[in-house]
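Here is the structure we will look at, set down as structure tokens.
Okay, structure coming up:
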């Protein structure tokens, strides 16, 4: 087949995947006795309907994008960093810890914020290092080590909220005592969005893009991900590279957690990661691990999350519809990719 | 604590372990054939919701259980089709399904939230249930718990003592060799993935119709069970007996967490409920550490007597996955 024709086939299969996902979600909506068009309309209005709503999408986009960016590094090294949820959580815990320790001192708020965010990155990196060490020195698959560490991170959060960091009086699921406004990342007037979280996120994406595409480190990391044994034989210190990718991803996940505390919730809450780690895994899979595509796709996924918030109020539907649509998209892209490969192979064999 | 509370508590541990056993043994069978099905967490939730919904609508418990198993097999079929036929990443497909099925269960289960529904009655076994101590612990359970006892031994006999079981081991360890000996590798993988999926699915209604009867959406307390079952599969070294031991240990620890709660008022109950996880990581570490290179190197440098003792200990704990786990097989 000519190149041109193959490209058109690829586009056709990608469109087919989107149609498949929409078809499946529509079927689910019909099963739930819900009007599909109304539901989709609400998803769009709920996310892009006004400046305020779109700014809420960006509020969700920043941590999701940071998590996805980190995952690009571990995926490049061929690692499944499912422990990212725990790494986001530990970032939030470290940030909260530093804010609590310094909030009554005379240090400048800007300095406290910078220290808190940096320690969030360290917290995430440490949690990732544990998963990395379990894999490298203990032979524990990173998927299971990571999952276990996620649960431990959740327990740690709950213990802090109900124990040492509980609100004056009695601890509750609403989280720790909110921080004074001086310790928030400055917000745009009238909106929940802090321009700083967007700036930090884009800066992180650019750094990781350059690191993966333009440096020797990125190239070697890719080699480790493609074929660990040959990379080792060629002299690449494989376990050090794997460890480095865990640390980088953990630091970015920790940064996402720090943003959740300093720019979104202004305190530590039980589900501080908001599931952005797992969602980031879906985004990275959907774009087939290409760095630049993560930006619009993460924005779209964040929009679905925000748009679904009003579903229970307007249509009496559960907001988990966004998760169904996101999962269906990734699944049908994977399936259509398999079908496409078979189709191309069959076409090659015919000619 | 009185003896009676302890005995009924232990009986509760056996019942609570039943769904974990179904799921872990289902996953063991699947992985023995060389397929990783990572979707268990979402699948159990979806099967729990569907089983409850069917049982409520039809007032038929058996149909509820069958619905759960059917859901399990359907989800497993997606994993099998995309990984065996389409040769896409098993981990990716399984992970997406784990998330999507969870959201699907919350979305579709919304109308059934908090409804009261039928519950599987307990079925004391005549004579045996009157035995002192043992009777209370083992033989005053419901039919699903008895089924879990049977499944442990049936799966063990099937894998290690029968011809098809030997073939199954071959398909997971050396598919090419099994193929030469006449095994239809990919068909067997399909079958074991579907059967394993049905068992994992059965864990759902075991919760929603018995162990944690009802459907309460996000607060059903089932989110995470599937991941635990996957960890127990590894802990069990792909052996049903060891997997069952892991499931009982896990249920026992959770029960102890609840029992100890009053004497540890400073620790919130949510923390004790996740107490088994650090232990799970530690055991995974013990099970796997024997497979790493540096342990062998350290062992080699130790004096003879010490080395033998430690090597024996590590070997007794060690478990290696089926060699062909997660890799597709091209049979042409």
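Chains as they are written, first to last, in my numbering: chain A, 3 to 353; chain B, 29 to 360.
Where a beta carbon is used, it is the ideal one built from N, C-alpha and C, also for glycine.
Quantities reported herein were computed from a predicted structural model and do not represent experimental measurements.
Counting only Cβ pairs nearer than 8 Å, list the residues of chain A close to residue 341 of chain B. Here residue 341 of chain B refers to the residue found at position 313 when the second chain is read from its first residue. Contacts between residue 341 of chain B and chain A, judged by CB atoms closer than 8 Å, are missing: the closest CB pair is about 16 Å apart.
Measure the C-alpha to C-alpha separation of residue 200 of chain A and residue 206 of chain A and round it to an integer number of angstroms. Here residue 200 of chain A is taken as the residue at index 198 of the first chain, counted from 1. Here residue 206 of chain A is taken as the residue at index 204 of the first chain, counted from 1. In this structure, the CA atom of residue 200 of chain A is about 10 Å from the CA atom of residue 206 of chain A.
For a contact defined as C-beta to C-beta under 9 Å, what are the partners of residue 241 of chain A on chain B? In the first chain, residue 241 of chain A corresponds to position 239, counting from 1. Within chain B, no residue comes near residue 241 of chain A; the closest Cβ sits about 10 Å away, beyond 9 Å.
What is the DSSP secondary structure of residue 320 of chain A, counted as helix, strand or coil? Within the first chain, numbered from 1, the residue matching residue 320 of chain A stands at position 318. Residue state, collapsed to three classes: coil.
Residues near residue 334 of chain A in its chain [Cβ-Cβ closer than 6 Å; skip 5 each side]: In the first chain, residue 334 of chain A corresponds to position 332, counting from 1. Hits under 6 Å: 19, 22 and 23.
What is the DSSP secondary structure of residue 158 of chain B, counted as helix, strand or coil? As a first step, residue 158 of chain B is located in the second chain; it is residue number 130 there, counting from the start. Judged by DSSP in its simplified three-state form, residue 158 of chain B adopts helix.
Select from A:33, A:8 and A:118 the residue whose C-alpha is nearest the C-alpha of residue 323 of chain A. Taking the first chain and counting its residues from 1, the one referred to as residue 323 of chain A is at position 321. The candidate whose alpha carbon is nearest that of residue 323 of chain A is A:33.
Within 8 Å (strictly less), CB to CB, does residue 331 of chain B reach chain A? Here the question's residue 331 of chain B lines up with position 303 in the second chain. Closer than 8 Å: no.
Listed in chain order, which residues of the region 116-127 of chain B have Cβ atoms closer than 8 Å to some Cβ of chain A? Taking 8 Å as the upper bound on Cβ-Cβ separation, chain A lies near residues 116, 117, 119, 120, 121, 123, 124, 125 and 127 of the region 116-127 of chain B.
Residues of chain A with a CB under 7 Å from the CB of residue 110 of chain B: which are they? In the second chain, the residue the question calls residue 110 of chain B occupies position 82. Per Cβ cutoff of 7 Å: 336, 337 and 340.
Interface partners of residue 129 of chain A on chain B, CB under 9 Å: Locating residue 129 of chain A in the first chain gives position 127, counting from the first residue. Those within 9 Å of residue 129 of chain A in chain B number zero; the least Cβ separation is about 13 Å.
In three-state DSSP terms, what is residue 150 of chain B? Along the second chain, read from residue 1 onward, the residue named residue 150 of chain B stands at position 122. In the structure shown, residue 150 of chain B adopts extended strand secondary structure according to DSSP, grouped into three states.
Which complete alpha helix (DSSP H) runs does the region 269-351 of chain B hold, if anything under 4 residues is left out? List check, alpha helix (DSSP H) in window: 297-301, 304-317, 321-329 and 332-345.
Touch test, the region 271-288 of chain B against the region 207-216 of chain B, Cβ-Cβ under 8 Å, three pairs minimum: Segments in contact, no.
Within-8 Å CB hit, residue 199 of chain B to chain A: By one-based count along the second chain, residue 199 of chain B stands at place 171. False, the Cβ-Cβ gap to chain A never drops below 8 Å.
Quick one, which residues of the region 64-94 of chain B are near chain A if we go by CB-CB under 8 Å, in chain order? Listed in sequence order: 66.
Is the CB of residue 161 of chain A under 8 Å away from at least one CB in chain B? Numbered from its first residue, the first chain carries residue 161 of chain A at position 159. Chain B, which has a Cβ nearer than 8 Å to the Cβ of residue 161 of chain A, makes this yes.
With distances taken between CB atoms, is the gap from residue 250 of chain A to residue 72 of chain A smaller than 8 Å? Within the first chain, numbered from 1, the residue matching residue 250 of chain A stands at position 248. Within the first chain, numbered from 1, the residue matching residue 72 of chain A stands at position 70. In contact: residue 250 of chain A and residue 72 of chain A (Cβ atoms closer than 8 Å).
Considering only their Cβ atoms, is the gap separating residue 148 of chain A from residue 208 of chain A smaller than 8 Å? Along the first chain, read from residue 1 onward, the residue named residue 208 of chain A stands at position 206. Along the first chain, read from residue 1 onward, the residue named residue 148 of chain A stands at position 146. The Cβ atoms of residue 208 of chain A and residue 148 of chain A do not sit closer than 8 Å to each other.
Where residue 106 of chain A falls: helix, strand or coil (DSSP): For this step, residue 106 of chain A is matched to residue 104 along the first chain. Reduced to three states, the DSSP call for residue 106 of chain A is coil.
Please go through the same chain and pick out, in chain order, the residues whose beta-carbon is closer than 7 Å to the beta-carbon of residue 163 of chain A, but skip the five residues on each side of it. Taking the first residue of the first chain as position 1, residue 163 of chain A is located at position 161. These residues qualify, in order along the chain: 173, 177, 178, 270 and 272.
Within the continuous alpha helix (DSSP H) that includes residue 111 of chain B, where are the two ends? For the purposes of this step, residue 111 of chain B is taken as the residue at position 83 of the second chain. No alpha helix (DSSP H) holds residue 111 of chain B; DSSP gives it neither H nor E.
For residue 184 of chain B, return the contacting residues in chain A, with the cut-off set at a CB-CB distance below 9 Å. Indexing the second chain from 1 puts residue 184 of chain B at position 156. Within 9 Å Cβ-Cβ: nothing; residue 184 of chain B doesn't reach chain A, min ~23 Å.
Can you pull the chain A neighbours of residue 302 of chain B, defined as C-beta to C-beta under 9 Å? As a working mapping, residue 302 of chain B is identified with position 274 in the second chain. Simply 153, 154, 156, 157 and 160.
Use the C-beta contact count for residue 52 of chain A: other C-beta atoms within 10 angstroms, 16 or more gives buried, fewer gives exposed. In the first chain, counting from the first residue as 1, residue 52 of chain A sits at position 50. Residue 52 of chain A is exposed by the Cβ-count criterion.
Is it true that the region 213-227 of chain B meets the region 58-75 of chain B, where meeting means three or more beta-carbon pairs spaced less than 8 Å apart? Touching, yes, given that three or more Cβ pairs across the two stretches are closer than 8 Å.
In the DSSP output, which residue or residues are listed as bridge partners for residue 170 of chain B? Taking the first residue of the second chain as 1, we reach residue 170 of chain B at position 142. Per DSSP, B:150.
For residue 87 of chain A, the nearest candidate out of A:252, A:74 and A:338 (CA to CA): Numbered from its first residue, the first chain carries residue 87 of chain A at position 85. Each of A:252, A:74 and A:338 was checked against the Cα of residue 87 of chain A, and the nearest Cα belongs to A:252.
Residues in the same chain with beta-carbon distance under 6 Å from residue 121 of chain A, minus the five sequence neighbours each way, listed in chain order, please. In the first chain, residue 121 of chain A corresponds to position 119, counting from 1. Cβ within range, chain order: 96 and 100.
Does the beta carbon of residue 320 of chain A come closer than 8 Å to any beta carbon on chain B? As a working note, residue 320 of chain A is residue 318 in the first chain. It does; some Cβ of chain B falls within 8 Å.
Tell me the rounded alpha-carbon separation between residue 135 of chain B and residue 82 of chain B. The residue labelled residue 135 of chain B in the question sits at position 107 within the second chain. The residue labelled residue 82 of chain B in the question sits at position 54 within the second chain. In this structure, the alpha-carbon of residue 135 of chain B lies about 16 Å from that of residue 82 of chain B.
Contained alpha helix (DSSP H) runs [length at least 4] in the region 109-149 of chain A, N- to C-terminal order: Within the region 109-149 of chain A, the complete alpha helix (DSSP H) runs of at least 4 residues are 111-140.
Just mark residue 332 of chain B as buried or exposed, buried being the case when its beta carbon has 16 or more other beta carbons within 10 Å. Looking up residue 332 of chain B in the second chain gives position 304. Around the beta carbon of residue 332 of chain B, a 10 Å sphere encloses fewer than 16 other beta carbons of the protein chains shown; the residue is thus reported as exposed.
Are the beta-carbon atoms belonging to residue 77 of chain B and residue 243 of chain B less than 8 Å from one another? Residue numbering aside, residue 77 of chain B sits at position 49 when the second chain is read from its first letter. Residue numbering aside, residue 243 of chain B sits at position 215 when the second chain is read from its first letter. Yes, the Cβ-Cβ distance between residue 77 of chain B and residue 243 of chain B is below 8 Å.
As an exercise, report each continuous alpha helix (DSSP H) stretch of at least 4 residues that is fully enclosed by the region 87-134 of chain B, in chain order. Within the region 87-134 of chain B, the runs of alpha helix (DSSP H) that reach at least 4 residues and sit entirely inside it are, in chain order, 89-108.
Look at the Cβ atom of residue 66 of chain A, then the Cβ atom of residue 280 of chain A, and state whether they are nearer than 8 Å. Here residue 66 of chain A corresponds to residue number 64 of the first chain, with the count starting at 1. Here residue 280 of chain A corresponds to residue number 278 of the first chain, with the count starting at 1. Their beta carbons are not under 8 Å apart, which means residue 66 of chain A does not touch residue 280 of chain A by this criterion.
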